[in-house]
Amino acid sequence: MQKHSEIVILGSGLIGLSTALLLERYGLESIIIDKSPINLLESNKDRRTTAISQGSARIYEKIGVWKDLVKYSQPIYKIKVTEGIEADGLTFNYGMTEEGVMGYIVENKFIKKFLLKKVLKSSLIKLYSGTLVKGLKNLKNNTLQLKTENGTTTCNLLIGADGRKSNTREIGLFKYLYKNYNQNAYVFNILHKKPHKGMALERFFSTGPLAILPMKTSKGNQSSVVFTVDADKTFKNRSSFVKFFKAKYKDFFGEVLKFSKVSIFPLDVYSCLRYYKNNIVLVGDACQALHPIAGQGFNLGLRDCLSLSESLKKAKNLGQKVNSNLVLKEYSRTRFYDKSLLVGSTHNLNKLFSLKGKIISKVRSVGLKLFNRSDFLKKKSMLFAMGITDL
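Taking the numbering used here, I'd label the letters of the sequence shown as residues 14 to 404.
So this is what it looks like as structure tokens:
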């Protein structure tokens with residue numbers, strides 16, 4: 014292992030790889046350390062999807078991966094939001110703005126493939142896979158020592174990009190807010206009879222939201238599903254779960270022809286009180302992990318990567334060290350509003366739509382319909398969700 018690097022990134026997921034490539038764009042070297050062996054990192058079996066906003070697609074254009082990734086990306090032309098199985102509700106059409114489509118749905122395996130391919134070709138990035146970091150120690154010369162299974166290395170700045178269950182966050186002793194939502198996300202893909210035509214559907218139930226997201230296929234009849242259900246709701250077998258899902262889905266895109274394997278993820282939220290300390294800075298889910306209700310977690314994390322890379326580029330141009338308190342304070346300041354807004358809004362949105370009762374359900378239904386009448390509000394919220402402007 015390399016004895017010293019100015020910047021070390023922990024985690025080679027989508028956020029870790031993206032961070033390294035954004036740093037490379039500004040001529041900054043880094044090494045990436047990940048506990049998984051390279052064969053797992055290069056695996057293409059992940060059928061989960063990620064919602065990439067228009068703003069995130071533009072970030073990927075900057076690092077040269079979007080030209081390859083766009084071929085595997087399903088544009089979102091329309092989003093339908095309803096209270097339960099109601100026909101009316103809130104509709105967003107991409108033509109309401111002049112910024113292009115609202116976003117894209119992409120299988121994780123393709124995002125990982127093109128990011129990893131570019132990282133492995135880079136002369137400014139080194140990847141150490143199959144390496145677990147066991148401890149950190151601040152040295153007197155303002156550097157950080159990382160103890161791993163394969164020896165030690167030092168760095169000036171450690172970037173924690175190791176996800177929701179971040180090891181960096183724990184061994185760095187970052188304080189954070191945490192809440193267990195007592196909900197599970199059931200994630201799977203479906204093949205349906207009718208084409209989706211680039212439409213995403215989100216239905217809100219008191220038991221949790223149901224999101225159906227269009228996927229890129231030759232016939233346009235496959236979608237990714239994120240179905241949130243209260244944790245106390247259990248299913249005897251697969252058929253009982255399928256029956257429960259179909260009662261909520263109501264053949265919106267026609268009869269379901271095929272179900273993929275279902276993966277289950279418990280839902281919670283993490284929100285760090287500080288974004289940096291002691292030569293460590295956090296990005297993505299390591300810093301804040303959201304409820305998937307708005308599909309914005311990845312996009313928020315990618316904006317972290319962009320903002321941090323720009324702060325470090327500025328430090329380089331001014332002759333400052335990458336672990337300078339002024340540099341990291343600027344990153345923290347520029348990201349505070351965006352992070353706080355999304356953590357708070359997704360938490361409260363889930364809380365609002367989890368309330369049970371006929372009266373509150375009616376109020377939500379009327380609220381969606383009233384919102385739907387305001388083109389100004391819809392355009393404003395669309396541009397924010399697209400990662401184009403702040404609210």
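Quick reminder that beta carbons are idealized off the backbone N, C-alpha and C, glycines included.
When Q309, K342, L313, F311 are compared, the shortest CA-CA separation from S324 is found for K342. In the structure shown, the three-state DSSP call for M212 is strand. C300 carries a coil assignment under DSSP once its states are collapsed to helix, strand and coil. About 6 Å separates the beta carbon of Q301 from that of Y283, a gap short enough to meet the 8 Å contact definition.
Going by DSSP, K160 is part of the beta strand (DSSP E) stretching over 157-161. Take R348, set aside five residues on each side of it, and the residues of its chain with a beta-carbon closer than 7 Å to its own are Y288, D317, S320, in chain order. The secondary-structure analysis by DSSP pairs P222 with nothing; it has no beta-bridge partner. In this structure, I306 sits away from L390, with a CB-CB distance that is not shorter than 7 Å.
A direct Cα-to-Cα measurement between L149 and K326 gives close to 25 Å. Here DSSP, grouped into helix, strand and coil, assigns S25 to coil. Here W79 has A70, Y73 as same chain residues with Cβ atoms under 7 Å from its own Cβ, once five neighbours each way along the sequence are excluded. In the DSSP assignment, T181 falls within the unbroken alpha helix (DSSP H) covering 180-184.
Beyond the five residues adjoining it in sequence on each side, S18 comes within less than 6 Å, by CB distance, of I44, C168 in the same chain, given in chain order. DSSP lists I22, L140 as the bridge partner or partners of I45. The DSSP-derived three-state label of T347 is helix. Inter-residue distance for L295 and D264 is about 42 Å (C-alpha atoms, whole angstroms). DSSP places Q67 within a helical segment (H, G or I) once states are collapsed to three. Shown here, V242 sits in a strand according to DSSP, grouped into three states.
K210 and V83 have their C-alpha atoms roughly 17 Å apart.
In the three-state reduction of the DSSP assignment, Y194 falls in the strand class.
Fully contained in the stretch 75-127 are the following alpha helix (DSSP H) runs of length 4 or more, in chain order: 79-82.
Here the stretch 113-133 makes contact with the stretch 41-57; the two share three or more CB pairs at distances below 8 Å. As a beta-bridge residue in DSSP terms, P279 pairs with N197. Inclusion of L30 and I76 in the CB contact set at 7 Å is not warranted, their separation being larger than that value. The C-alpha of K192 lies about 24 Å from the C-alpha of G24. In this structure, DSSP gives V335 a state outside helix and strand, which the three-state scheme calls coil.
In the structure shown, N312 falls within a helical segment according to DSSP collapsed to helix, strand and coil. Within its own chain, the residues whose Cβ lies closer than 7 Å to the Cβ of Q67, once the five positions on either side in sequence are excluded, are E112, G113, V114, M115, G116, M399, G400, I401, listed in chain order. From the listed residues L41, Y141, I20, the smallest Cα separation to N330 is found for L41. Distance check between L315 and each of Q158, V379, G176, K134 places G176 closest, using alpha-carbon atoms only. Counting along the chain, L149 sits inside no alpha helix (DSSP H); it lies in the beta strand (DSSP E) bounded by residues 146-151. Taken atom to atom, the span from the alpha-carbon of L145 to that of N163 is near 8 Å. Taking 7 Å as the cut-off, the beta carbon of E96 is found no closer than this to the beta carbon of L383.
By the criterion of a C-beta distance shorter than 8 Å, F248 is surrounded in its chain by F254, F257, once the five residues flanking it on both sides are discounted.
The three-state reading of DSSP puts Y289 in strand, counting E and B together. In the DSSP annotation of this structure, F384 is not part of any beta strand (DSSP E); the continuous alpha helix (DSSP H) holding it starts and ends at 371-385.
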